[in-house]
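Protein chains in written order, with the numbering used here: chain F, 17 to 134; chain S, 415 to 780. Here a beta-carbon is modelled for each residue, glycine too, at the ideal position from N, C-alpha and C. Reading through the structure tokens given below for one structure.
The structure is reproduced here in structure tokens:
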């Protein structure tokens, strides 16, 4: 592969990574009142966002008892469900949120470190 | 042109295909989470709207809390049928859980309370409300419970949440405290505070009805002699005896009180000054009967002042008491002077051998 082509690809990847690093995630967590799994999901989601998204997120917690219409519009079947609303495309993850890696991969929330890409 | 259209269709198909695969992946993920037991509630859509269906595991936390409550807790339908009840409430209703769920709330109360209970349940359909209701207890004793009802929307259906608190002990203690402050512990009659509290209402009633009212103020003669000669125990017994004599003389509707020391007062409703002589005569007969029956080392003797209440002037109870007190002292002084002039009458309240007690002397003031 020519050196110039490699350099262009590297630059494109760096630019994409920088964009990923800057982008803000809009997340919505659907729960059902204070059921044990819902309560745990709220704690897990908050911890995960704080530790891995470092301020580049907005997390809304929606109680489906109080806002059933929202859940219906987003085609929520079971809770807890964590939805990545932005950036598009919309992604959903149902169930246990205690495994951070599973959530980050499942919702494509990984923000790649720039130095690893070089 | 055709190539362009074909390309566009291809792109649309790819996009549609991608979306379908995405939805399928989502669905598979949901099924996996349900199978793994990672979810505890579902949003179900049907003709009547969206319902939240919580799995039993999810309800367990609420159930633990509700079962641990000292109060009774229940969920009822708007027609009063129990859907859920905790053990606390079943115990309070003096039955088992199996007998409560599915039964009507109204089955557990006396017919006299049903009307009040139905009004509460009707109100709870739209607004939170609270009310006290009597409940037949296990030991035949009537218990007072407080029902706090509030409307709830559960699984799309309108229900009523109910918390039940047993207030029987609370009211009992409240009553005891009230009694302690209004009742004379030794004689069981009203004390001065009790007399003033109750007589105020009686005076207001007499004023409104323009009915006659008579205040009798009585003082136990020779109380000091009884105490000094026979001890304070005997003095207390003389006071208790006097209270008993007064109880037998007056009607249950009359207000009798120990005003302090050896002073007593009685407020007789519907009795005019013309009846005063009869009233005093009845008192004397009761004292005579008591002295004859009890064979105490002394004889009871009372000095009495009787005054009528004038509804027209709106006299206060304090003024009425002051007039009656004065009438009583005039009577006592006259008795003392008579005893001085005629030693055969003996000293008032003197002791062994029994003094020939003077009749209850009285003084009436208009």
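Item                                                                                                                 : Value
CB-CB length for residue 123 of chain F against residue 98 of chain F, believed under 8 Å                            : 7 Å
Under the three-state DSSP convention, the category residue 665 of chain S falls into                                : coil
Residue of S:684, S:750, S:620 and S:615 minimising C-alpha distance to residue 635 of chain S                       : S:750
Straight-line Cα distance separating residue 737 of chain S from residue 743 of chain S                              : 10 Å
Residue nearest to residue 112 of chain F in terms of C-alpha spacing, selected from S:505, S:453 and S:532          : S:453
Three CB pairs or more closer than 8 Å across the segment 721-741 of chain S and the segment 607-622 of chain S      : yes
Whole beta strand (DSSP E) elements within the segment 40-100 of chain F, 3-residue minimum                          : 41-47 and 73-79
Three-pair Cβ contact test at 8 Å for the segment 677-694 of chain S versus the segment 647-664 of chain S           : yes
CB of residue 581 of chain S within 7 Å of CB of residue 558 of chain S, strictly                                    : yes
Contact belief for residue 572 of chain S with residue 490 of chain S at Cβ below 8 Å, rounded distance in angstroms : No, residue 572 of chain S and residue 490 of chain S are not in contact; Cβ-Cβ is about 11 Å, not under 8 Å.
Integer Cβ distance of residue 643 of chain S from residue 714 of chain S, believed to fall under 8 Å                : Between residue 714 of chain S and residue 643 of chain S the Cβ distance is about 15 Å, and since that is not below 8 Å, they are no contact.
Pair within 7 Å by beta-carbon distance, residue 631 of chain S and residue 739 of chain S                           : yes
Contiguous beta strand (DSSP E) assignments of at least 3 residues, all confined to the segment 600-664 of chain S   : 627-634
N- and C-terminal bounds of the beta strand (DSSP E) containing residue 677 of chain S                               : 677-683
Three-state secondary structure (DSSP) of residue 710 of chain S                                                     : coil
Interface residues of chain S facing residue 123 of chain F [CB-CB closer than 7 Å]                                  : Ordered by position in chain S, no residue passes the 7 Å Cβ test against residue 123 of chain F, which lies about 11 Å from the chain.
Below-7 Å beta-carbon distance, residue 438 of chain S vs any chain F residue                                        : no
At least 3 beta-carbon pairs within less than 8 Å: the segment 105-120 of chain F vs the segment 439-455 of chain S  : yes
Alpha carbon of residue 766 of chain S to alpha carbon of residue 641 of chain S, nearest angstrom                   : For residue 766 of chain S, the pLDDT reaches just 28, beneath the cut-off of 50, and the residue's location in the model is therefore unreliable, although a value from the coordinates is still provided. Going from the Cα of residue 766 of chain S to the Cα of residue 641 of chain S covers about 13 Å.
CA nearest to the CA of residue 455 of chain S, picked from F:43, F:45 and F:94                                      : F:94
Spatial distance of residue 703 of chain S from residue 692 of chain S (CA atoms)                                    : 16 Å
Any chain C beta carbon closer than 7 Å to residue 80 of chain F                                                     : No chain C is present in this structure, whose protein chains are F and S.
Under 7 Å by beta carbon: chain S residues contacting residue 108 of chain F                                         : 440
Chain S within 7 Å of residue 95 of chain F, Cβ atoms only                                                           : yes
Continuous beta strand (DSSP E) stretch holding residue 575 of chain S: start and end                                : 571-580
Whole-angstrom C-beta distance between residue 722 of chain S and residue 619 of chain S, which should lie under 8 Å : Contact doesn't hold; Cβ gap of about 16 Å is too wide.
Residue 539 of chain S - DSSP class collapsed to helix/strand/coil                                                   : coil
CB contact check: residue 87 of chain F to chain S, cutoff 7 Å                                                       : yes
Euclidean distance between Cα positions of residue 41 of chain F and residue 67 of chain F                           : 14 Å
Contact with chain S by residue 118 of chain F, beta-carbon distance below 7 Å                                       : no
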